[in-house]
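Q: Those protein sequences? They're chains Z and V, same order as listed.
Residue numbering for the first sequence follows this note's numbering, beginning at 5 and increasing consecutively.
Residue numbering for the second sequence follows this note's numbering, beginning at 5 and increasing consecutively.
Ideal placement from N, C-alpha and C gives every residue a C-beta, glycine not left out.
Below you will find the structure I want to go over with you.
Protein chains: 2
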Amino acid sequence: MPTTAPQSTAATTGLALAVDLGGTKVEAALVTDEGTVLPGTRFRSPTGPQRTSDELQAAVDEVVTAALAALPADAMLVGVGVGSAGPVDEEHGLVSPLNMPVWRDYPLRERVAAHVPGVPVTLRMDGLAITLAEHWVGAAQGSEHVMGMIVSTGVGGGLILHGRTVSGPTGNAGHIGHVECGGFDDPCACGGTGCLEAIASGPKTVAWARRQGFAGTTGEELSAAYAAGDEIAVAAVKRSGRALGQAIAAATSLVDLEVVAIGGGFSHVTPDLFEYARQAVAERVEFGFVTKVRIVPTGLSQDGPLIGAAALVHRADVLR
Amino acid sequence: MPTTAPQSTAATTGLALAVDLGGTKVEAALVTDEGTVLPGTRFRSPTGPQRTSDELQAAVDEVVTAALAALPADAMLVGVGVGSAGPVDEEHGLVSPLNMPVWRDYPLRERVAAHVPGVPVTLRMDGLAITLAEHWVGAAQGSEHVMGMIVSTGVGGGLILHGRTVSGPTGNAGHIGHVECGGFDDPCACGGTGCLEAIASGPKTVAWARRQGFAGTTGEELSAAYAAGDEIAVAAVKRSGRALGQAIAAATSLVDLEVVAIGGGFSHVTPDLFEYARQAVAERVEFGFVTKVRIVPTGLSQDGPLIGAAALVHRADVLR
Numbered sequence: 005m006p007t008t009a010p011q012s013t014a015a016t017t018g019l020a021l022a023v024d025l026g027g028t029k030v031e032a033a034l035v036t037d038e039g040t041v042l043p044g045t046r047f048r049s050p051t052g053p054q055r056t057s058d059e060l061q062a063a064v065d066e067v068v069t070a071a072l073a074a075l076p077a078d079a080m081l082v083g084v085g086v087g088s089a090g091p092v093d094e095e096h097g098l099v100s101p102l103n104m105p106v107w108r109d110y111p112l113r114e115r116v117a118a119h120v121p122g123v124p125v126t127l128r129m130d131g132l133a134i135t136l137a138e139h140w141v142g143a144a145q146g147s148e149h150v151m152g153m154i155v156s157t158g159v160g161g162g163l164i165l166h167g168r169t170v171s172g173p174t175g176n177a178g179h180i181g182h183v184e185c186g187g188f189d190d191p192c193a194c195g196g197t198g199c200l201e202a203i204a205s206g207p208k209t210v211a212w213a214r215r216q217g218f219a220g221t222t223g224e225e226l227s228a229a230y231a232a233g234d235e236i237a238v239a240a241v242k243r244s245g246r247a248l249g250q251a252i253a254a255a256t257s258l259v260d261l262e263v264v265a266i267g268g269g270f271s272h273v274t275p276d277l278f279e280y281a282r283q284a285v286a287e288r289v290e291f292g293f294v295t296k297v298r299i300v301p302t303g304l305s306q307d308g309p310l311i312g313a314a315a316l317v318h319r320a321d322v323l324r
Numbered sequence: 005m006p007t008t009a010p011q012s013t014a015a016t017t018g019l020a021l022a023v024d025l026g027g028t029k030v031e032a033a034l035v036t037d038e039g040t041v042l043p044g045t046r047f048r049s050p051t052g053p054q055r056t057s058d059e060l061q062a063a064v065d066e067v068v069t070a071a072l073a074a075l076p077a078d079a080m081l082v083g084v085g086v087g088s089a090g091p092v093d094e095e096h097g098l099v100s101p102l103n104m105p106v107w108r109d110y111p112l113r114e115r116v117a118a119h120v121p122g123v124p125v126t127l128r129m130d131g132l133a134i135t136l137a138e139h140w141v142g143a144a145q146g147s148e149h150v151m152g153m154i155v156s157t158g159v160g161g162g163l164i165l166h167g168r169t170v171s172g173p174t175g176n177a178g179h180i181g182h183v184e185c186g187g188f189d190d191p192c193a194c195g196g197t198g199c200l201e202a203i204a205s206g207p208k209t210v211a212w213a214r215r216q217g218f219a220g221t222t223g224e225e226l227s228a229a230y231a232a233g234d235e236i237a238v239a240a241v242k243r244s245g246r247a248l249g250q251a252i253a254a255a256t257s258l259v260d261l262e263v264v265a266i267g268g269g270f271s272h273v274t275p276d277l278f279e280y281a282r283q284a285v286a287e288r289v290e291f292g293f294v295t296k297v298r299i300v301p302t303g304l305s306q307d308g309p310l311i312g313a314a315a316l317v318h319r320a321d322v323l324r
């Protein structure tokens with residue numbers, strides 16, 4: 005027996021290895037079955053469009069190896085959850101993240117599984133993982149009809165309907181960023197017109213403001229300008245908040261949501277962003293089942309994506 | 005024993021009483037567990053916004069009574085399925101059809117149940133019923149990720165995801181007519197902007213054509229003008245087909261559909277309507293999981309809504 009005993013929770017209940025692959029970084033950590041990251045087990049490495057396939061794989065290997073090495077001697081690794089930027093091929097465990105063009109149908113699940121022989125590995129889109137996290141320990145606890153959203157460099161999300169996750173046949177359900185907004189012409193990289201992501205992501209909101217004469221270049225600067233009452237910044241945030249509400253109203257029309265929990269860097273630009281979204285939803289005056297949807301800030305910490313990846317293991321009963 | 009024996013299928017397998025409440029009429033019929041309307045059991049009565057609540061109830065009573073009276077002596081009534089124009093309150097069996105303003109939270113399920121003591125009555129939105137029918141005996145057989153659609157005086161629909169119907173907490177999932185289309189400004193009666201129904205329903209398509217100078221007033225006239233190569237008619241159908249495709253692309257982005265089956269009077273305006281919709285979906289070049297969706301004409305006869313209502317009984321295992 006070591007003189008300093010490790011946390012006993014880890015030992016008695018089992019830990020998940022959580023992996024979150026995003027556009028700028030990959031992270032891994034050990035997460036308890038209560039949805040907390042075990043201190044000292046979180047590691048990160050940069051990703052991005054400039055990296056080769058081997059460099060991306062090395063980044064994944066690095067964080068996975070480091071997190072696994074941090075597994076307490078008396079703890080049990082019960083599973084691995086991988087949340088990935090989409091699109092994905094859930095059935096075959098392949099990923100094709102839009103902004104990592106060297107990875108198309110890349111067998112990420114298998115490559116992660118090679119680190120943990122005999123341990124099950126579950127891969128899902130990151131938006132689905134974050135939705136599971138909101139449902140588990142975040143702002144959507146107690147609801148069975150949920151959309152989780154990330155508003156950041158892109159706009160993504162995931163769905164829980166009737167208490168179970170929705171993946172679709174390919175694993176790509178939840179792409180709320182590519183639901184369109186009536187009256188908006190913004191061209192989208194996906195080929196669509198007026199997609200939410202083309203309007204309301206952080207960079208797209210800043211770019212719109214710049215076209216109106218805003219001098220800043222970042223979401224932080226836009227946030228500060230909004231707080232100072234800058235007219236262009238206010239118009240830009242109103243426009244994006246309104247688009248957010250329109251897309252949420254459309255999604256609620258289609259799948260009858262109860263609660264939408266929104267996180268991601270740009271969601272913090274100002275709390276008013278949520279008000280503008282709610283106002284747009286409230287305009288659907290004829291449909292009480294639409295206006296009833298609650299739009300709330302994420303209930304998760306910065307650990308959200310990792311908690312979501314871990315939920316793929318610890319909350320497997322909610323998965324479909 | 006009668007000298008002329010009745011069809012034995014009805015007797016051995018059980019029949020459903022199907023009720024379809026729509027904007028212009030209510031219908032009832034007995035439907036076998038193979039999805040066919042029993043000949044001689046189908047009855048209809050007009051509804052519509054001019055009728056009083058008592059008149060609407062009398063219309064329902066009339067068709068239900070007539071269909072029940074047609075039940076063969078040796079047949080078993082196994083259940084009643086009611087498909088209703090929305091919105092509905094599924095949990096409490098209430099209906100609030102938009103164009104029957106005298107019925108708001110009207111207890112239709114209970115009123116129908118009074119005719120059949122001891123027999124279970126299931127009420128769902130008509131779009132969900134039609135989707136069940138497409139999945140059962142129509143164009144979506146064999147798929148577990150389906151949207152059924154009706155393009156007629158309005159635009160409605162329903163969803164089957166992961167092999168089970170999606171109702172949502174209130175029963176109003178499937179309102180594809182109120183998913184918005186980017187770049188379209190058409191105001192919608194629901195309060196939204198650019199909603200599919202505000203663009204692509206039969207009456208809205210004709211109204212748009214008339215604003216461009218089209219002299220006709222009906223979908224049939226628009227169909228004939230399209231067939232004759234009339235420029236305005238062609239532009240009107242292209243515009244509505246494009247909006248249809250945009251809304252389907254948005255829905256597929258959100259819930260990852262495999263097949264969309266479209267029926268309803270205006271869906272027959274020309275087969276080209278489907279081509280225009282497919283072209284709009286195909287523009288989502290970056291998302292294979294969107295462009296893979298198949299858009300097909302309904303595989304149902306004019307009995308579709310009644311078969312759908314009966315599916316609420318005979319296909320209860322698909323219901324959620």
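Mind listing which residues of the segment 91-120 of chain Z have their C-beta closer than 8 Å to chain V's C-betas, in chain order?
A: Against chain V - using a Cβ distance shorter than 8 Å - the residues of the segment 91-120 of chain Z are 91 and 102.
Q: Of the residues that make up the segment 151-178 of chain Z, which ones have a beta carbon closer than 8 Å to any beta carbon in chain V?
A: Going along the segment 151-178 of chain Z in chain order, one finds 163, 165, 166, 168, 170, 171, 172, 173, 174, 175, 176, 177 and 178 with a Cβ nearer than 8 Å to chain V.
Q: Output, in sequence order along the chain, the residues in the segment 250-277 of chain Z whose CB is closer than 9 Å to any CB in chain V.
A: From the segment 250-277 of chain Z, only 250, 251, 253, 254, 255, 256, 257, 258, 259, 260, 261 and 262 have a Cβ closer than 9 Å to chain V.
Q: Runs of 4 residues minimum, wholly inside the segment 116-204 of chain V: which ones carry the alpha helix (DSSP H) assignment?
A: Runs of the alpha helix (DSSP H) inside the segment 116-204 of chain V: 130-141 and 200-204.
Q: Confirm, please, whether the CB-CB distance from residue 155 (chain Z) to residue 227 (chain Z) is below 8 Å.
A: Position 223 of the first sequence holds residue 227 (chain Z). Position 151 of the first sequence holds residue 155 (chain Z). No; because the gap between Cβ atoms is not below 8 Å, this pair is not in contact.
Q: How is residue 321 (chain V) classed by DSSP in three states: helix, strand or coil?
A: Within the second sequence, the letter at position 317 stands for residue 321 (chain V). It is helical.
Q: On the DSSP letters alone, give me the boundaries of the beta strand (DSSP E) that residue 301 (chain Z) sits inside.
A: The residue you call residue 301 (chain Z) lines up with position 297 of the first sequence. Its beta strand (DSSP E) spans residues 298-301.
Q: State the DSSP-derived secondary structure class of residue 278 (chain V), mapped to helix, strand or coil.
A: Locating residue 278 (chain V) in the second sequence gives position 274, counting from the first residue. Reduced to three states, the DSSP call for residue 278 (chain V) is helix.
Q: Taking only the alpha-carbon atoms, compute the straight-line gap between residue 180 (chain Z) and residue 299 (chain Z) and give it to the nearest angstrom.
A: Translated into positions along the first sequence, residue 180 (chain Z) becomes position 176. Translated into positions along the first sequence, residue 299 (chain Z) becomes position 295. For residue 180 (chain Z) and residue 299 (chain Z), the distance between alpha carbons rounds to 14 Å.
Q: Residues in its own chain within less than 6 Å of residue 141 (chain V) by CB, not counting five upstream and five downstream?
A: Indexing the second sequence from 1 puts residue 141 (chain V) at position 137. So the qualifying residues of the chain are 39.
Q: Quick check on DSSP: helix, strand or coil for residue 48 (chain V)?
A: Here residue 48 (chain V) is taken as the residue at index 44 of the second sequence, counted from 1. In the structure shown, residue 48 (chain V) sits in a strand (DSSP, three-state: E or B).
Q: Give a yes or no on whether the minimum CB-CB distance between residue 180 (chain V) and chain Z is below 8 Å.
A: Here residue 180 (chain V) is taken as the residue at index 176 of the second sequence, counted from 1. For residue 180 (chain V), the answer is yes, since a Cβ of chain Z falls inside 8 Å of its Cβ.
Q: Mind checking whether residue 186 (chain Z) and residue 250 (chain Z) have CB atoms under 8 Å apart?
A: Looking up residue 186 (chain Z) in the first sequence gives position 182. Looking up residue 250 (chain Z) in the first sequence gives position 246. Yes; because the gap between Cβ atoms is below 8 Å, this pair is in contact.
Q: Answer yes or no: do residue 146 (chain V) and residue 160 (chain V) have a C-beta to C-beta separation smaller than 8 Å?
A: For the purposes of this step, residue 146 (chain V) is taken as the residue at position 142 of the second sequence. For the purposes of this step, residue 160 (chain V) is taken as the residue at position 156 of the second sequence. It is not a contact, given that the beta carbons lie outside the stated cut-off.
Q: Using a Cβ distance threshold of 8 Å, determine whether the segment 115-132 of chain V contacts the segment 228-240 of chain V, with at least three qualifying pairs required.
A: Verdict: no, contact absent.
Q: Taking DSSP's pairing of strands, which residues face residue 93 (chain Z) in a bridge?
A: Here residue 93 (chain Z) corresponds to residue number 89 of the first sequence, with the count starting at 1. BP columns for residue 93 (chain Z) point to Z:98.
Q: Taking the beta carbon of residue 306 (chain Z) as the centre, do at least 16 other beta carbons fall within 10 Å, making it buried, or is it exposed?
A: On the first sequence, residue 306 (chain Z) is found 302 positions in, with the first residue counted as 1. With fewer than 16 other Cβ atoms within 10 Å, it is exposed.
Q: Let me check understanding here. Comparing Cα to Cα, which of Z:273, Z:233, Z:172 and Z:256 lies closest to residue 349 (chain Z)?
A: The shown model of chain Z, from 5 to 324, leaves out residue 349 (chain Z), and the question about it has no answer.
Q: Can you tell me the Cβ-Cβ gap for residue 290 (chain Z) and residue 195 (chain V), rounded? I've got them flagged as a contact below 8 Å.
A: The residue you call residue 290 (chain Z) lines up with position 286 of the first sequence. The residue you call residue 195 (chain V) lines up with position 191 of the second sequence. With a Cβ gap of about 6 Å, residue 290 (chain Z) and residue 195 (chain V) count as contacting.
Q: Taking 8 Å as the CB-CB limit, is residue 27 (chain Z) close to chain V?
A: Mapped onto the first sequence, residue 27 (chain Z) falls at position 23. Residue 27 (chain Z) does not count as touching chain V.
Q: Measuring only the C-alpha atoms, how far is residue 57 (chain V) from residue 89 (chain V)?
A: Counting from 1 along the second sequence, the entry for residue 57 (chain V) is found at position 53. Counting from 1 along the second sequence, the entry for residue 89 (chain V) is found at position 85. Residue 57 (chain V) and residue 89 (chain V): Cα-Cα distance of roughly 15 Å.
Q: Run through chain Z and tell me which residues come within less than 7 Å of residue 198 (chain V), C-beta to C-beta.
A: Reading the second sequence from its first residue, position 194 is the one you call residue 198 (chain V). Ordered by position in chain Z, the residues that pass the 7 Å Cβ test against residue 198 (chain V) are 186 and 187.
Q: Whose Cβ in chain V lies nearer than 9 Å to the Cβ of residue 142 (chain Z)?
A: To locate residue 142 (chain Z), count along the first sequence from 1; it is residue 138. By Cβ distance, chain V contributes nothing, its closest Cβ being about 19 Å from residue 142 (chain Z), past 9 Å.
Q: If we count the other Cβ atoms within 10 Å of its Cβ and call it buried at 16 or more, is residue 135 (chain V) buried or exposed?
A: For this step, residue 135 (chain V) is matched to residue 131 along the second sequence. With 16 or more other Cβ atoms within 10 Å, it is buried.
Q: To the nearest angstrom, report how far apart residue 21 (chain V) and residue 102 (chain Z) are at their CA atoms.
A: For the purposes of this step, residue 21 (chain V) is taken as the residue at position 17 of the second sequence. For the purposes of this step, residue 102 (chain Z) is taken as the residue at position 98 of the first sequence. So the alpha carbons of these two residues sit roughly 50 Å apart.
Q: Between residue 195 (chain V) and chain Z, is any beta-carbon pair separated by less than 8 Å?
A: Taking the first residue of the second sequence as position 1, residue 195 (chain V) is located at position 191. So yes, residue 195 (chain V) belongs to the interface.
Q: Flag residue 300 (chain Z) as yes if its beta-carbon sits less than 8 Å from any beta-carbon of chain V, otherwise no.
A: Along the first sequence, read from residue 1 onward, the residue named residue 300 (chain Z) stands at position 296. Residue 300 (chain Z) does not count as touching chain V.
Q: For residue 88 (chain Z), which beta-bridge partners are listed by DSSP?
A: By one-based count along the first sequence, residue 88 (chain Z) stands at place 84. The partner list for residue 88 (chain Z) (beta bridge, DSSP) reads Z:25 and Z:129.
Q: Does any residue of chain Z have a CB that is nearer than 8 Å to the CB of residue 288 (chain V)?
A: Numbered from its first residue, the second sequence carries residue 288 (chain V) at position 284. Closer than 8 Å to some Cβ of chain Z, the Cβ of residue 288 (chain V) qualifies, so yes.
Q: Helix, strand or coil for residue 33 (chain Z), going by three-state DSSP, please let me know.
A: Indexing the first sequence from 1 puts residue 33 (chain Z) at position 29. If DSSP states are grouped into helix, strand and coil, residue 33 (chain Z) belongs with the strands.
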